[in-house]
Amino acid sequence: MGIPGKGSGSPDPAKSYGWAQADEATADYLKLIPELGLDRKLWPWAEEYVRYHAGRLLWDVDFLTRNYEFSSCLNIGGAPFVFEYFMKKAHPEVEVVSVDLYPDLFRHVERVLGIKVAQLDVERPCSAAAKMLGQFQCVVFCEIFEHLRIDLLKTMSFIRSLLNEDGFMYLTMPNGLGIDALGRIIWRGRTGPHPIREWSKLDNLGHMGHVREYSYIELRDVLVHCGFQVQRYQYRHNIGHSTLRDRSLRMLTRFIPKLGNEIVVVARSAKTNQSR
Numbered sequence: 000m001g002i003p004g005k006g007s008g009s010p011d012p013a014k015s016y017g018w019a020q021a022d023e024a025t026a027d028y029l030k031l032i033p034e035l036g037l038d039r040k041l042w043p044w045a046e047e048y049v050r051y052h053a054g055r056l057l058w059d060v061d062f063l064t065r066n067y068e069f070s071s072c073l074n075i076g077g078a079p080f081v082f083e084y085f086m087k088k089a090h091p092e093v094e095v096v097s098v099d100l101y102p103d104l105f106r107h108v109e110r111v112l113g114i115k116v117a118q119l120d121v122e123r124p125c126s127a128a129a130k131m132l133g134q135f136q137c138v139v140f141c142e143i144f145e146h147l148r149i150d151l152l153k154t155m156s157f158i159r160s161l162l163n164e165d166g167f168m169y170l171t172m173p174n175g176l177g178i179d180a181l182g183r184i185i186w187r188g189r190t191g192p193h194p195i196r197e198w199s200k201l202d203n204l205g206h207m208g209h210v211r212e213y214s215y216i217e218l219r220d221v222l223v224h225c226g227f228q229v230q231r232y233q234y235r236h237n238i239g240h241s242t243l244r245d246r247s248l249r250m251l252t253r254f255i256p257k258l259g260n261e262i263v264v265v266a267r268s269a270k271t272n273q274s275r
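Those letters in the sequence shown? Residues 0 to 275, per numbering that gives the first Met the number 0, in order.
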């Protein structure tokens, strides 16, 4: 299956989808945590991340493998490497490379999951990153865009340079105009996440929290400026919290998809022939 999209390069109108918690998949990965070689003090963070995000990451893997063909995949910001686990379990033939700020915190992850892991700060790539340029058919950039704090345009241009001629980027992020974000504005008087809490993560966890949450239009503007062409975009939201909430979200996003709490984008280099 090739990369879908119109010959003109214009994405189809967006729809909204839902993802649910994946209890069985979560339980499977939780059993692996003791084998990954991370410091015991990091276990609570890794376990909490898995319990909340496993369903979303399983949705990502399912979406990618159902709609696209690729033999190499680079995941930006791997830890705790749940996406990598699901991808290798579904398609062990895919070469999965993961980059993270501090891969040494997971000493045995390469052996346990059968992946390659490299140290890389995509906001400040070192000269060693040159060997990655133009090497990947699929670059996964999930829940990272909202964390970027140094040079948004330079970083996204670097991400584009990692794609090979036919490659594509898969990006997800919170929707700054989603129903939860609008509720936060109305009920809490906040235009985004709590700045003290998010910036404190630099000291507490070693990485930045959310700098800002963007709308699809704002994301698209950045991607186009950095040499991407959006080929597909859609919205989604987490379901399963409560029956009333889920019914309300389904109804709202059915008629107004852009109220979905997350944005999903597939983009590729604008110079790529759109008919391929």
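Just so you know, even glycine gets a beta-carbon here, dropped at the ideal spot from N, CA and C.
Looking at the secondary structure, which residues open and close the beta strand (DSSP E) in which F135 lies?
135-141
In terms of DSSP beta bridges, what is K115 paired with?
V96
Do E197 and T154 have their C-beta atoms closer together than 9 Å?
no
Whose C-beta lies closer than 6 Å to the C-beta of M0 among residues of the same chain, with five residues either side of it excluded?
Bear in mind that the predicted position of M0 carries a pLDDT of just 35, short of 50, making it unreliable; the figure below should be weighed with that in mind. Cβ neighbours of M0 beyond the five flanking positions: E68.
On a Cα-Cα basis, can you pick out the residue from L104, T64, E164, K87 that is closest to G32?
The question names Gly, but residue 32 in the sequence shown is Ile. Answer by Cα proximity: L104.
Please list, in chain order, all residues of the same chain as D220 whose beta carbon is under 6 Å from its beta carbon, the five residues on each side excluded.
none
Since F82 contacts D59 with CB under 8 Å, what's their CB separation in whole angstroms?
6 Å
Which first and last residues belong to the beta strand (DSSP E) in which Y48 is found?
That residue, Y48, is in no beta strand (DSSP E); its alpha helix (DSSP H) goes 42-66.
Rounded to whole angstroms, what's the CA-CA distance from P3 to H90? Just pull it up for me.
Below a pLDDT of 50, predicted positions are generally treated as unreliable, and P3, at 40, falls in that range; no measurement from the model is reported.
Can you pull the DSSP bridge partners for P173?
E261
Does P194 pass the burial test, meaning 16 or more other C-beta atoms within 10 Å, or should it be called exposed?
exposed
Report yes or no: do the segment 156-163 and the segment 91-102 share at least 3 C-beta pairs separated by less than 8 Å?
no
Terminal residues of the alpha helix (DSSP H) in which G182 lies
178-182
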